[in-house]
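Numbering (our numbering), first residue to last: 55 to 558.
Only one structure is covered here, and it is reproduced in the block below.
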């Protein structure tokens, strides 16, 4: 619907024009009136009508002067003149100021309807063209930021040709990272008037905002709207000072370079970045391959052994290492992907179809973690499921009593020579029976449980500098220290002394 302003110094004609016509059927929902050109111009500035119908001859300011002043301010307003048969000299002058049509007095409903339809059709045509220009301008601004293979000068020239001076102002910029929800850019562009354009490049959501707004307030309002739409508090960065369009590409790449640092910040962290473009903090890439391999090998050994407590402790150490060294996000995700796959195989039996689906789900879930905190929560969730499943298996086992007694016996005698026969004698069941029941209830043999428990205790003892490796070996039931060291190295991918050095 559109707004129209009616201007005539004759009160009766003005009231007839306003009340005689059914404006709503013509697509007009607001009708304003003025009795001379001066009053009309003030209303134009205040109400911003789409169409003005004005008499030509009026006191104070006539229709021709009114039209000239309106076009100086806004050339999109459509002006239609009311004129008598003897005013054709004025009509000629009217068309020199780009009036779109004229209506002869006395007017009829049909004549009014005809010129209004023409004016609206012209408005719609111009709006369609302007929308196309606006869309092209927004796309060029996006390309100016992201399209490195195209020279900036060329894109700036195209932008000037399409948008003229519209995009000659200054801009602010806000970026959010790890955004995977589609069509957010379309939803967000209509939410705030200060947003010039928004786009998703990979998983980076960029907002280009007009330079006259408070960037701090705009950044946090955008973050809140994103959270309302998605339920997630995305982390990101915002430029503290405005930049001209010539500086947009450098600004976009500078903000994007902070993605790794934001990954290690608290969930939902939104940091201001100075225009001076300082480099993000961090140690940069280090030779951390050996450390990652060590963590991976140790975790694989613990997973095979079913030592849930030790798995949790070692993962906590790994996450501390990631955060301190600012390991590349992709390296962290790949590491956690391999570990979580091995963990989930304890939950879901492997088959070819299930294995492929498992891999797809695993990486997709990790990829959507917007910060290191979410990644840790995700892996901790898998550990919790494993623990719950194991407890359920144990609870469902009819011979849970036997399982518990075997575990108690091992914990009391692990530093000694332990045989299933001695254990069976104390529990008062046959050796074969307790072997079968224990395997059914825990998923591992008694020998595997003994070995796993011994090495779990060995890891704890090695953290205490007062014990020599030989003493640790003896305390966990291995008289031959060489054999103990070889088994330890095979399980954890490092010698007992190498393991110890990390805690001393």
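Don't be surprised by glycine CBs; every beta carbon is placed ideally from N, CA and C.
Just so we're clear, the structure is a prediction, and the values are computed from it rather than from any experiment.
| Check | Outcome |
| --- | --- |
| Since residue 365 and residue 353 should fall inside the 8 angstroms C-beta cutoff, what is the C-beta to C-beta distance between them, to a whole number of angstroms? | 6 angstroms |
| Per DSSP, which residues does residue 528 bridge with? Please list them. | Beta-bridge pairing links residue 528 to no other residue. |
| On the DSSP letters alone, give me the boundaries of the beta strand (DSSP E) that residue 229 sits inside. | 224-230 |
| Output the distance between the C-alpha atoms of residue 434 and residue 271, rounded to the nearest integer angstrom. | 35 angstroms |
| Counting only runs that start and end within the region 241-319, where is the beta strand (DSSP E) found for 3 or more residues in a row? | 249-255, 258-264, 290-293 |
| Whole angstroms is fine: what's the gap from residue 538's alpha carbon to residue 369's? | 24 angstroms |
| Taking residue 155 as part of the beta strand (DSSP E), name the residues at either end of that continuous run. | 155-158 |
| For the alpha helix (DSSP H) that contains residue 376, what are its first and last residues? | 362-379 |
| Assuming residue 306 contacts residue 260 (C-beta within less than 8 angstroms), just tell me the rounded distance between them. | 7 angstroms |
| With respect to the beta strand (DSSP E) encompassing residue 85, which residues constitute its N-terminal and C-terminal limits? | 82-88 |
| Rounding to the nearest angstrom, what Cα-Cα distance links residue 39 and residue 250 in this structure? | What the structure shows of the chain is the stretch from 55 to 558, and residue 39 is not part of that stretch, so it cannot be assessed. |
| Under the DSSP definition of a beta bridge, which residues are partnered with residue 327? | 293 |
| By DSSP's criteria, residue 56 is part of a beta bridge. Which residues make up the other side? | 82 |
| With a threshold of 8 angstroms on Cβ separation, who are the neighbours of residue 330 within its own chain once the five nearest residues in sequence on each side are excluded? | The predicted model places residue 330 with a pLDDT of 47, which falls under 50 and marks its position as unreliable; any figure quoted below should be read in that light. Excluding residues within five positions, none has a Cβ falling inside 8 angstroms. |
| Indicate whether residue 511 and residue 557 have their beta-carbon atoms separated by less than 8 angstroms. | no |
| Going by CA-CA distance only, name the one from 66, 99, 210 that's closest to residue 198. | 210 |
| Taking the C-alpha atoms as reference points, what is the distance between residue 189 and residue 123? | 30 angstroms |
| When DSSP labels each residue in this structure, what does residue 136 get in the three-state scheme? | strand |
| Which word fits residue 312, buried or exposed, when buried means at least 16 other C-beta atoms lie within 10 angstroms of its C-beta? | buried |
| For residue 98, list the residues DSSP reports as bridge partners. | Looking at the DSSP assignment, residue 98 forms no beta bridge with any residue, so it has no partner. |
| If contacts are defined as beta-carbon pairs under 8 angstroms, then residue 56 and residue 104 qualify, I think. What distance do you get, rounded to the angstrom? | 4 angstroms |
| Report yes if the CB atom of residue 394 is closer than 8 angstroms to the CB atom of residue 356, and no otherwise. | no |
| Below 8 angstroms CB to CB, which residues in the same chain sit around residue 171 once its five sequence neighbours on both sides are set aside? | 80 |
| So which of 77, 504, 225, 128 has the shortest CA-CA distance to residue 164? | 77 |
| In whole angstroms, what separates the C-alpha of residue 547 from that of residue 351? | 5 angstroms |
| Can you tell me where the alpha helix (DSSP H) holding residue 108 begins and where it ends? | Careful: residue 108 lies outside any alpha helix (DSSP H), inside the beta strand (DSSP E) at 105-109. |
| Taking Cβ positions, are residue 441 and residue 362 nearer each other than 8 angstroms? | yes |
| Given this structure, state the Cα-to-Cα distance separating residue 58 from residue 85, to the nearest angstrom. | 5 angstroms |
| Smallest Cα separation from residue 158: which of 373, 205, 138, 377? | 138 |
| Shorter than 7 angstroms, the distance from the beta carbon of residue 515 to the closest heavy atom of the ligand NAP, or not? | This structure does not include the ligand NAP; it has no bound ligands of any sort. |
| Kindly indicate which three-state DSSP category residue 189 falls into: helix, strand or coil? | helix |
| Can you tell me whether DSSP reads residue 555 as helix, strand or coil? | helix |
| Measure from the alpha carbon of residue 518 to the alpha carbon of each residue in 554, 471, 529, then state which is nearest. | 554 |
| Could you tell me if residue 114 is buried or exposed, where buried requires 16 or more neighbouring beta carbons within 10 angstroms of its beta carbon? | exposed |
| State the CB to CB distance for the pair residue 277 and residue 324, rounded to an integer number of angstroms; the pair is presumed to be in contact (CB under 8 angstroms). | 6 angstroms |
| Could you spell out the range, first to last residue, of the alpha helix (DSSP H) harbouring residue 115? | Premise fails: residue 115 is in no alpha helix (DSSP H) and is neither H nor E. |
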